[in-house]
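Contents: one structure, followed by commentary.
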Amino acid sequence: MIEKNKILLALKNEEESKVFTAYLFSMGYETMTAKDGARALESAIQSGPAIIIVDTDLPVIAGEKLFQILRNNPHTSKIPFLFISDSIVDVKGFRSGADIFLIRPLNMEELHARVRQTLSLKDGLGFGSGEIEGKLRQMSLADILQFLHLNKKEGVLKITSGDLTGSVFIKDGQICNAVVGNVEKDKALFRLLQWNEGRFEFIPSPIAVTRKIATSTGNVLMEGMRQMDEFKKNEAQFPDKKALLKSRIDASAMPQGLQPIIYEIMELLKTSQRVEDIVEMSTATDYEVYKTIVGMIARGIIEEQKFKPGEGPLEALEFLTHDQAVSIREKILSRFSDSGGAASGKIFLIASSGGLITSFLELCRRIPGFTVTYKSSYIQTSKENPLGPVAVLKLYGGMEINIFAIPTVRGTGPLWKSFSSNLVGMILLWDDEGGKDIKEMVAAKQDILLHRRIAVAHVFADVPADDAGAPRQTLNLKYKKAFNLKLDEPIFRMDKEMIFEVFYALFSNLIKEDYVTA
Amino acid sequence: MITDEMTDSKGKAAVGRFYDTFFVNEYGKLESLRAGRYHTPFSVVLMNVDHGSKTLADEDVQEFLKRLSPTVLDAMRSCDVVGMIDDRQVAAILPETDYFGSLISMRKLSRAINNYLINEPPPVKKLIFSQATFPKDGRGYGALLSTASKRMSEKKESLWEKKEFSNKLFWEIIGELTGSTFKGFDNSSFDAGGGYSLQESFIDQINELIIREITAAPHKRGIAYFASRGQAAAFPMMSTIGHIGTLSTKVFVVGRGDDTFRDIKNATPIFIDDPRLKEVFFSFYLTEDSGYCLVCKENWGSTYSCFHSSDHYLVDGLINKFQVEYSLQEQL
Chain D
1 MIEKNKILLA LKNEEESKVF TAYLFSMGYE TMTAKDGARA LESAIQSGPA
51 IIIVDTDLPV IAGEKLFQIL RNNPHTSKIP FLFISDSIVD VKGFRSGADI
101 FLIRPLNMEE LHARVRQTLS LKDGLGFGSG EIEGKLRQMS LADILQFLHL
151 NKKEGVLKIT SGDLTGSVFI KDGQICNAVV GNVEKDKALF RLLQWNEGRF
201 EFIPSPIAVT RKIATSTGNV LMEGMRQMDE FKKNEAQFPD KKALLKSRID
251 ASAMPQGLQP IIYEIMELLK TSQRVEDIVE MSTATDYEVY KTIVGMIARG
301 IIEEQKFKPG EGPLEALEFL THDQAVSIRE KILSRFSDSG GAASGKIFLI
351 ASSGGLITSF LELCRRIPGF TVTYKSSYIQ TSKENPLGPV AVLKLYGGME
401 INIFAIPTVR GTGPLWKSFS SNLVGMILLW DDEGGKDIKE MVAAKQDILL
451 HRRIAVAHVF ADVPADDAGA PRQTLNLKYK KAFNLKLDEP IFRMDKEMIF
501 EVFYALFSNL IKEDYVTA
Chain B
1001 MITDEMTDSK GKAAVGRFYD TFFVNEYGKL ESLRAGRYHT PFSVVLMNVD
1051 HGSKTLADED VQEFLKRLSP TVLDAMRSCD VVGMIDDRQV AAILPETDYF
1101 GSLISMRKLS RAINNYLINE PPPVKKLIFS QATFPKDGRG YGALLSTASK
1151 RMSEKKESLW EKKEFSNKLF WEIIGELTGS TFKGFDNSSF DAGGGYSLQE
1201 SFIDQINELI IREITAAPHK RGIAYFASRG QAAAFPMMST IGHIGTLSTK
1251 VFVVGRGDDT FRDIKNATPI FIDDPRLKEV FFSFYLTEDS GYCLVCKENW
1301 GSTYSCFHSS DHYLVDGLIN KFQVEYSLQE QL
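Okay, here's the thing in structure tokens:
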């Protein structure tokens, strides 16, 4: 029988052993000590500790030998080892991921963290399995959570439905947090409560996450069910999730003392106008966001944008053929197969201002599979100086192309180099105002191309209609010269027609067929 | 016990000496074939004798390497093959060793050689190391050697070597990085907060970006250190590290006792009570593909003087200095 919190300490130095024992005791662990390998072997077989901390240079039986003996014993083979040594020793049979090797001098905090990590891993993955598991069709999530609450269980409840996975962290029967995708807390829990199909599995393990759902389990479940019912009842009144919203008043002119969610929605509207994006990015639950949007529309604070037939940004348009999408996927997978990354590529979006990025992304929404994400906790800053993933283009077979924005302010060069893994292309975006500092963008382009051979699309935000025509050609020539482009290399206009051309240009090399000579 | 007969039969000049060029080249070719067949990694570490502005004659370099060879061999594992590849360069073939393993070997070598050089008569000599790993940096032994040579020249150009940071203390280096202005694509300085074009939260955005990189490829090996002010408040993304499965990147959070960080799965807290950490915070992130470091110093009026770099060697060096000077586990 392996005891959960018992640690066997087999160290050659008695002083060190005493210090470790005292420290681990203060952290809530029970320890047994052994002066040599023989005694350690005896204790390990008799008591079955949860982890063995062993010196590689133990007298009588060396640490490595002890490890091999215990690994061959079916009763003790699953006990993880934490080796401590003065120098690197190659331990035969060392199980990477289960065993740990530390070199003196030791930091106690780190030792504790490693012990805790190993124990949680052991409980969670390697040796234990789900205590309770089944299908959501047979038992709803609310029922499972109530059952766990009544029995004061501690662990993680994992729920899978299709490609989606969610987790609910439970301590003493109380729900501490819930996570699904990028969403957490009540919002995630309420989404999970709606899942009717899929599987659940409860893994008992010590939970060390911060409690983020403060309400008691009973109350939070009641509230979740209420919101679910209300959502179904009022769904017809809610705006379409693909609809675009527009603010009718200036956010700074809003009176004080309104509900925080109203300010949050106004803030989010600066970055994204689509209802589904606002619902996704808001910290409030889905029902609350929809309800507030309806209320704000009714009070004239925001309005739904109307489009004439054929003008709307939402009509489905043909982008890539199936064969082209397959070709892009295959090429990206083969190019980055040894990088260990997921099936994804990256396109840098370098613009002369944050506002241009927002406008560009808005135009890109017409592309099938394109979603604006702005994955950032710093919405306001990310709008002015976007940094990181701002949108994703989903292609065939789960292939994702992440659109990755990097500000062009001076001194951000190291970011381009460090975060350019899986890079397949680059979009340079500027307007007349940004054109004054075009040198910086040119330098950025040259530097990136020096490190990666990728396709580049140059996009110039259109000049006003009055100035169109001859001035545009002059500007084109000026910028072609600045970017050292050939005369037949295009500079794309930033409008809804050209947006597809931008992406075709980026993917041209990936779409192109490989010619094999006989 | 190594005997003279054994070393002779293996192409070694003498006991405790390096192998000759022919043997190392042949062994390297065999090792690359073996690694290709069994899909295992192996690394090549290159050592170059650098003597600053003074020119050393080939004979002097060879004499020096002869004296140095027992120290080098002692620092290597018994399975590693070390030999001369030309009159001034030594290559070590490290079987079954990945990128991080080769970095550890380079650290061990560097430490052993530095200890040896204390008693070495003038002129001052210095060894520079570089590495390449199969299959990422090349599939043949020749390709690996050429990558390692290319990296050797890159390393000589890196800030770590140019500013001779290896001879300085961690906080001296940090002071120098935040106190000077760097302009360039590899190393750059910027100011944030106050009235600057970049807001204070831009620093947190960068940290968030690092965490996104880590969580986007959980199987990719790496190491990251975050020493951030007001951690939990400024760092909401950190909690996501705890919500994903097992991470291959080792994440360490440096700070003073903060219970919210103690409890994050996949992140190891390191509690250091150093007043310097109140005004300076840093992030180091190193993988086989990229390295990034950000060091920020808080000034009066909530403005920050920041330095960031994509220089692999600088990031590796800073991580090493930090680990050694705070008696942390030396690991990658």
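Chains D and B supply the protein sequences, listed in that same order.
The opening residue of the first sequence carries number 1 in this note's numbering; numbering runs sequentially from there.
The opening residue of the second sequence carries number 1001 in this note's numbering; numbering runs sequentially from there.
All C-beta atoms, glycine included, are put in the ideal place defined by N, C-alpha and C.
Hey, residue i and residue j: beta-carbon distance below 8 Å or not?
| i | j | result |
| --- | --- | --- |
| residue 1169 of chain B | residue 1031 of chain B | no |
| residue 190 of chain D | residue 277 of chain D | no |
| residue 1027 of chain B | residue 1093 of chain B | yes |
| residue 196 of chain D | residue 136 of chain D | yes |
| residue 995 of chain B | residue 1241 of chain B | The structure shown has nothing for residue 995 of chain B, since chain B only spans 1001 to 1332. |
| residue 1143 of chain B | residue 1046 of chain B | no |
| residue 1024 of chain B | residue 1083 of chain B | yes |
| residue 1306 of chain B | residue 1294 of chain B | yes |
| residue 1151 of chain B | residue 1130 of chain B | yes |
| residue 418 of chain D | residue 1158 of chain B | no |
| residue 60 of chain D | residue 37 of chain D | yes |
| residue 1071 of chain B | residue 1104 of chain B | no |
| residue 251 of chain D | residue 304 of chain D | no |
| residue 50 of chain D | residue 6 of chain D | yes |
| residue 1220 of chain B | residue 1287 of chain B | yes |
| residue 201 of chain D | residue 153 of chain D | no |
| residue 511 of chain D | residue 327 of chain D | yes |
For a contact meaning CB atoms closer than 8 Å, what does residue i contact in chain B?
| i | result |
| --- | --- |
| residue 419 of chain D | 1209, 1213, 1290, 1292 |
| residue 204 of chain D | Residues of chain B passing the Cβ test: none, with the nearest at roughly 15 Å. |
On the DSSP bridge assignment, give the partners of residue i in chain order.
| i | result |
| --- | --- |
| residue 195 of chain D | BP columns for residue 195 of chain D are empty, so no partner. |
| residue 1297 of chain B | B:1280, B:1305 |
| residue 1191 of chain B | B:1305 |
| residue 174 of chain D | D:171 |
| residue 1291 of chain B | B:1286 |
| residue 425 of chain D | D:347, D:455 |
| residue 319 of chain D | Note: residue 319 of chain D sits in no beta bridge, so no partner. |
| residue 299 of chain D | Answer is none; residue 299 of chain D lacks a bridge partner. |
| residue 1047 of chain B | B:1090, B:1129 |
| residue 160 of chain D | D:165, D:199 |
| residue 1095 of chain B | B:1042 |
Skipping 5 residues on each side, what residues in its chain have a beta carbon closer than 7 Å to that of residue i?
| i | result |
| --- | --- |
| residue 1108 of chain B | 1075 |
| residue 467 of chain D | With a pLDDT of 49 at residue 467 of chain D, under the threshold of 50, the modelled position of this residue cannot be trusted, and the question is left open. |
| residue 268 of chain D | 278, 281, 282, 379 |
| residue 1106 of chain B | 1045, 1129, 1131 |
| residue 1281 of chain B | 1227, 1228, 1229, 1296 |
Excluding five sequence neighbours on each side, which residues of the same chain lie with their C-beta closer than 6 Å to the C-beta of residue i?
| i | result |
| --- | --- |
| residue 1285 of chain B | 1210, 1224, 1292 |
| residue 1250 of chain B | 1223 |
| residue 330 of chain D | none |
| residue 370 of chain D | 364, 393 |
| residue 1146 of chain B | none |
Only counting the same chain, and skipping five residues up and downstream in sequence, which positions put a Cβ closer than 8 Å to that of residue i?
| i | result |
| --- | --- |
| residue 357 of chain D | 349, 351, 386, 390, 405, 429 |
| residue 127 of chain D | Low local confidence applies: a pLDDT of 37 at residue 127 of chain D is under 50, so the model's placement there is unreliable, with the coordinate-based value given in what follows. For residue 127 of chain D, where only same-chain residues beyond five positions count, the Cβ hits under 8 Å are 78. |
| residue 451 of chain D | 417, 420 |
| residue 114 of chain D | 82, 100, 102 |
| residue 1111 of chain B | 1075 |
| residue 353 of chain D | 431, 433, 434 |
Using the beta-carbon of each residue, which ones in chain B are nearer than 7 Å to residue i?
| i | result |
| --- | --- |
| residue 411 of chain D | 1188, 1189, 1190 |
Could you work out which residues of chain D lie near residue i, taking near to mean beta carbons separated by less than 8 Å?
| i | result |
| --- | --- |
| residue 1330 of chain B | 103 |
| residue 1206 of chain B | 387, 415 |
Just the chain D side, please: which residues come within less than 7 Å of residue i by C-beta, in chain order?
| i | result |
| --- | --- |
| residue 1327 of chain B | 105, 107 |
Flag residue i as yes if its beta-carbon sits less than 8 Å from any beta-carbon of chain C, otherwise no.
| i | result |
| --- | --- |
| residue 179 of chain D | The structure shown contains no chain C; its protein chains are D and B. |
Original post:
Going along the chain, which residues of the stretch 423-457 of chain D sit with their C-beta nearer than 7 Å to a C-beta in chain B?
Top reply: Of all residues in the stretch 423-457 of chain D, 447 have a Cβ within less than 7 Å of some Cβ in chain B.
Original post:
Which of the residues in the stretch 101-116 of chain D, read from start to end, lie with their CB under 8 Å from any CB of chain B?
Top reply: For the stretch 101-116 of chain D, the beta-carbon criterion of a distance under 8 Å to any beta-carbon of chain B is satisfied by 102, 103, 105, 106, 107, 109, 110, 113, 114.
**OP:** Using a Cβ-Cβ cut-off of less than 7 Å, list which residues of the stretch 1294-1311 of chain B approach chain D; keep chain order.
**Re:** Those residues of the stretch 1294-1311 of chain B that come within reach of chain D (Cβ to Cβ, closer than 7 Å) are 1308, 1309, 1310.
Original post:
Name the residues in the stretch 1263-1279 of chain B whose C-beta lies less than 7 Å from a C-beta of chain D; which are they?
Top reply: When C-beta distances to chain D are compared with 7 Å, the residues of the stretch 1263-1279 of chain B below that value are 1263, 1265, 1268, 1269, 1270, 1271, in chain order.
Subject >> Residues within the stretch 271-297 of chain D neighbouring chain B, beta-carbon criterion of under 8 Å >> reply: Within the stretch 271-297 of chain D, no residue has a Cβ that lies closer than 8 Å to any Cβ of chain B.
Original post:
When Cβ atoms are compared, which residues of the stretch 1126-1137 of chain B fall closer than 8 Å to chain D?
Top reply: Answer set for the stretch 1126-1137 of chain B: 1135, 1136.
**OP:** Report the residues of the stretch 388-400 of chain D with a CB closer than 8 Å to any CB of chain B, ordered along the chain.
**Re:** Result list: 388, 389.
Original post:
Relative to chain D, which residues along the stretch 1027-1042 of chain B have a C-beta separation below 7 Å, given in chain order?
Top reply: Taking 7 Å as the Cβ-Cβ cut-off against chain D, none of the residues of the stretch 1027-1042 of chain B qualify.
Original post:
Between the stretch 1173-1186 of chain B and chain D, which residues of the former have CB atoms less than 7 Å from a CB of the latter, in chain order?
Top reply: Residues of the stretch 1173-1186 of chain B whose Cβ lies closer than 7 Å to any Cβ of chain D, in chain order: 1184, 1185, 1186.
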